[in-house]
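First the structure, in the form of C-alpha cells, and then the observations on it.
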Amino acid sequence: MIVPMKKVTILSLAVHRDEMLGALRDLGAVHVAPLQTQTTGDVESARRQLDEARAAQAALERVAQDSPPSSVGAATGETPDQLLRSTLVLTARLRDRHDRLQRLDEQIHHLAPLGHFDPAQLRDLNHRGISIRLFKSEPKAVFTLPPEAVRVELRRDKSAVHFALINAAGWSDASATEFPLPDRSLADLTHEHDKTAADQAEDEAALVSLAPHKAALATAIADLASRLHWLETRDGMGAEGPLLLLQGYLPARDLDRLETVARRRGWGWLAEEPADTDPVPTLIDSPRWIRPVHIMFDMLGILPGYREVDVSPIFLIFFSLFVAMLVGDAVYGLLFLSLTLLIKFKWKAAPRHLVPLAAILSVSTIVWGVLTGSYLGFEAIPGPLRALRIDWLTDTTQIQKFCFMIGAVHMSIAHGWNVWRLRRQWTALSHVGWIGSCWAMYAFANYLVLGLPLLPGATALIGLSVFLILGFTVPVRDIKKEYASLLTLPLSIISNFGDVVSYLRLYLVGSASVVLIKAFNGIAFPSDSANILFTLLGVLIIFAVHILNIMLSSLAVLVHGVRLNALEFSTHMGIQWLGLKYNPFRIRKDTP
Numbered sequence: 045m046i047v048p049m050k051k052v053t054i055l056s057l058a059v060h061r062d063e064m065l066g067a068l069r070d071l072g073a074v075h076v077a078p079l080q081t082q083t084t085g086d087v088e089s090a091r092r093q094l095d096e097a098r099a100a101q102a103a104l105e106r107v108a109q110d111s112p113p114s115s116v117g118a119a120t121g122e123t124p125d126q127l128l129r130s131t132l133v134l135t136a137r138l139r140d141r142h143d144r145l146q147r148l149d150e151q152i153h154h155l156a157p158l159g160h161f162d163p164a165q166l167r168d169l170n171h172r173g174i175s176i177r178l179f180k181s182e183p184k185a186v187f188t189l190p191p192e193a194v195r196v197e198l199r200r201d202k203s204a205v206h207f208a209l210i211n212a213a214g215w216s217d218a219s220a221t222e223f224p225l226p227d228r229s230l231a232d233l234t235h236e237h238d239k240t241a242a243d244q245a246e247d248e249a250a251l252v253s254l255a256p257h258k259a260a261l262a263t264a265i266a267d268l269a270s271r272l273h274w275l276e277t278r279d280g281m282g283a284e285g286p287l288l289l290l291q292g293y294l295p296a297r298d299l300d301r302l303e304t305v306a307r308r309r310g311w312g313w314l315a316e317e318p319a320d321t322d323p324v325p326t327l328i329d330s331p332r333w334i335r336p337v338h339i340m341f342d343m344l345g346i347l348p349g350y351r352e353v354d355v356s357p358i359f360l361i362f363f364s365l366f367v368a369m370l371v372g373d374a375v376y377g378l379l380f381l382s383l384t385l386l387i388k389f390k391w392k393a394a395p396r397h398l399v400p401l402a403a404i405l406s407v408s409t410i411v412w413g414v415l416t417g418s419y420l421g422f423e424a425i426p427g428p429l430r431a432l433r434i435d436w437l438t439d440t441t442q443i444q445k446f447c448f449m450i451g452a453v454h455m456s457i458a459h460g461w462n463v464w465r466l467r468r469q470w471t472a473l474s475h476v477g478w479i480g481s482c483w484a485m486y487a488f489a490n491y492l493v494l495g496l497p498l499l500p501g502a503t504a505l506i507g508l509s510v511f512l513i514l515g516f517t518v519p520v521r522d523i524k525k526e527y528a529s530l531l532t533l534p535l536s537i538i539s540n541f542g543d544v545v546s547y548l549r550l551y552l553v554g555s556a557s558v559v560l561i562k563a564f565n566g567i568a569f570p571s572d573s574a575n576i577l578f579t580l581l582g583v584l585i586i587f588a589v590h591i592l593n594i595m596l597s598s599l600a601v602l603v604h605g606v607r608l609n610a611l612e613f614s615t616h617m618g619i620q621w622l623g624l625k626y627n628p629f630r631i632r633k634d635t636p
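So the mapping is simple: my numbering equals the position in the sequence shown, first residue as 1, plus 44.
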C-alpha cells in the first residue's frame, strides 16, 4: 500500500532556525521540499567532503578484495573520523604518485634509446663551441653530413636508429628528427622512478592495513551525509523578514505527532491534501511477506508514483513464478537455497530483504523443478520423485498454452485492478474491454501459434472488447483534447497480441536450459563408455556447463523475469515507475 501523504507548511521565527531543524530531525517524518534552490559554499563543501569519503571507502573495499587474508592488520585505534582522514591522505598520495610514475615512465621510455649521459655536460660543451645534437631516423636513411661532422650511433633496431652528431651545427635533413636535450639524465629519472615506486608500495601497505576497518568509515560517511542533509534543508527554507517557512510531505498517520511538536515549539503549521502537480514522495508500507520484493525495486531503481498503485504483491508472486520457470531445475533451486542459508549465517551485513527474497525464489524453483521432473537434465529419476511430476507440464503444447494463459491472467489482473480503481467512472468499461482483449488474444495465440482450434466466441469477444476500448477509454467531455490518443488505440489492441505471445519466452528460455544440459549429459556420459578417464573428463565438462547454465539462467531472470513485471504488466497497469522516494529529514548530528 502507498501511504497517504499530507502537504505540510511550517512557520517559525528565524532566530529559532536550528531549534526548528533539530525538532524536525527528531520527529524524523517530514520529507522536506526546498522552497529555494540556491547552493551555498557550506553545501558545496559538505558535498565535496562526502564524495571524497565515499571514494575513500570504495578504495578500502577494493584493497580489501585484492589483499590476501594474511594482510589483515590489527586495530588501528583511530576514530572513524581519524580513519577517514588517514585514508584520504593515503589515497591522495597514491593518486599523485601513480600520475608521477606514469610521467616518469613516458620520459624514461623516450630517453632509453639514447643511453646514459649527463645533459648538463652536453649543454656545457655546446656553450664551449662543440656542437652535440641528438637525432632519430629510419634504419635505411642516408644522409649527407658536413665534412667535419662526426656521427655516433647510439641504438639501432628494426624501427629506428638513434644517433648523435658532433660538430654539425645548423645541419638538418627531412629524414632525421632531432631530439631536444632533456632537462634530466636517464639515471636521475630512473632513480626517482624507483624512489616513487618504493614510496607507493609503502602507502599501499599502509592502506592495506586500514582495509579491515573499512566498515568503520560508514559512521563517518553517515555523519557527513547527515550534515549535508542538514545544510541542504536549512538553505532550502523560505524566509520573509523574521519568519522562516518550511514545506514538505508527511504521512497522514504522523499528523498527530507533528501537531504535538508544533504546539510545544510554538510553530504555525498547515496540513492539506497535495495538489495534482505536487512532487509527492512515495512511501510503500507492505505486509511482512511482501517486503522482500522491495529489494528488487531498489536494485532496479524503480518506484511507483504517489498516485499510482503499489503492485508489490503481484510483482512478488509472478516474479517467483517467472524465476522458477526460467531456471526450472530442482537441484539448482537446492543450490540457491544452500547459498541463501550461507549468506544468512555468514554475511551479517547483507541487505535486509535479500535473504527472504532469495529463499522465496529458491523454494519456487525447487517446487517447479519437482513438478516438471527436472533434476540436472537426467531422465532416470527415482520413483517417488517421478510420482510428483505433473506430466502435462512436460508436454510442449500444454506448457506453451500455459505460458499464454499466464500472460492473459497477468495482464487481466492489471486491468481488473484499474476497473476497481475507476469503478465509479465510465472509463472503467475500457479496462473491461482490455480484459476481454487479453483473453481473445489468448485464444488467437493458441490458434495461430500452436495450431489449436479457435475457442468458440473468440471473434465476438474481440469485437465487444474493441467496442468497449474505443468507446470508453476517453470520456466524452475530453474527446476534443484527447482525440490523438484514440488514433493509436488500434495499434495498442494489435500489440496486445504480441504482449500475450511474449510470455512464451518463459517456455523458450527454460526449455533451452534443459536441452543444453541434456545434450551435454549425452556427450559427457555416453552409454557405451566405461573408461574412468573419460568419466572424470565428463564430470569436469558437466560441471563447467552447469556453471555456464546457472549464469545464463540468472541473466534470463534479469532480462525476462523482470521485464514481464516491470514492462508488460506495468504498461497495462498504467504504471510509469517515476516515483520519488520518501526521504524524511532525520540526521544523527545535533548541530551542523
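Don't be surprised by glycine CBs; every beta carbon is placed ideally from N, CA and C.
Model, not experiment: these values are computed from the prediction.
C-alpha gap between A402 and A242, whole angstroms: 46 Å
Same chain, Cβ closer than 7 Å to S490, five either side skipped, listed in chain order: Reading off the sequence, residue 490 comes out as Asn, not Ser. Hits under 7 Å: K445, F448, L496.
Between the CA atoms of I537 and V545 - distance to the nearest angstrom: 13 Å
Candidates W391, M617, P428: closest to M455 by CA position: M617
Assigned exposure category for I567 - 16 Cβ within 10 Å defines buried: By the neighbour-count rule (16 or more Cβ atoms within 10 Å), I567 is not buried but exposed.
Three-pair Cβ contact test at 8 Å for the stretch 600–616 versus the stretch 541–561: yes
R28, enclosing alpha helix (DSSP H) - first and last residue: An answer regarding residue 28 cannot be provided, because it is not within the stretch 45 to 636 covered by the chain.
Reduced DSSP secondary structure (H/G/I, E/B, other) of F161: coil
Exposure label - W470; buried when at least 16 CB within 10 Å: exposed
Inter-residue spacing [alpha-carbon to alpha-carbon] between G345 and E150: 43 Å
Cβ neighbours of R210 in the same chain (closer than 6 Å, five flanking residues each side left out): A small correction: the amino acid at residue 210 is Ile; Arg does not occupy that position in the sequence shown. Here the set comprises I176, V194.
Three-pair Cβ contact test at 8 Å for the stretch 278–288 versus the stretch 81–89: yes
Beta bridge counterpart(s) of K180 as assigned by DSSP: Per DSSP, H206, T221.
Own chain, CB closer than 6 Å to D247, minus 5 neighbours either side, in chain order: Taken in chain order, the residues that qualify are L134, R137, L138.
Opposing strand residues paired with R200 [DSSP bridges]: V205
Whether L178 touches A208 by CB criterion (8 Å): yes
Reduced DSSP category for V375 - H, G, I as helix; E, B as strand; rest coil: Of the three classes helix, strand and coil, the one that applies to V375 here is helix, per DSSP.
Nearest-angstrom Cα separation, counted from E352 out to P318: 14 Å
Rounded straight-line distance, which links the Cα of I513 to that of L466: 14 Å
Whether N609 touches F341 by CB criterion (8 Å): no
Span of the beta strand (DSSP E), counted from its first residue to its last, around L289: 287–295
Assumed close pair V47, L420 - CB separation to whole angstroms, cut-off 8 Å: Not a contact, Cβ separation roughly 46 Å.
Straight-line Cα distance separating R147 from Q101: 27 Å
Cβ-based burial, R69 [other Cβ within 10 Å; buried from 16]: buried
D62 versus S557, W274, A264, residue with shortest Cα-Cα distance: Of the listed residues, the one whose Cα sits closest to D62 is W274.
Sufficient close CB pairs (3 or more, under 8 Å) joining the stretch 363–379 to the stretch 410–420: yes
Whole-angstrom distance between G417 and H475, CA atom to CA atom: 39 Å
Beta-carbon gap between L254 and T440 smaller than 8 Å: Remark: C-beta atoms of L254 and T440 do not approach each other more closely than 8 Å.
Distance between beta carbons of T53 and L288, contact taken as under 8 Å: About 11 Å separates the two Cβ atoms, so there is no contact after all.
Alpha-carbon spacing of V518 relative to G349, whole angstroms: Distance between the alpha carbons of V518 and G349: 22 Å.
Continuous alpha helix (DSSP H) stretch holding L496: start and end: Note, L496: premise wrong, no alpha helix (DSSP H); not H, not E.
Simplified DSSP state of M449, which is helix, strand or coil: helix
For D162 and S229, believed in contact at Cβ under 8 Å, the rounded distance: 5 Å
Presumed contact (8 Å Cβ cut-off) between V87 and P628, rounded CB distance: The pair is not a contact, with the Cβ atoms about 19 Å apart (cut-off 8 Å).
Per-residue burial, T221 [other beta carbons within 10 Å of its own, 16 or more giving buried]: exposed
Given L158 as reference, the closest of L577, R200, E192 once Cα atoms are compared: Cα-wise, what sits closest to L158 is R200.
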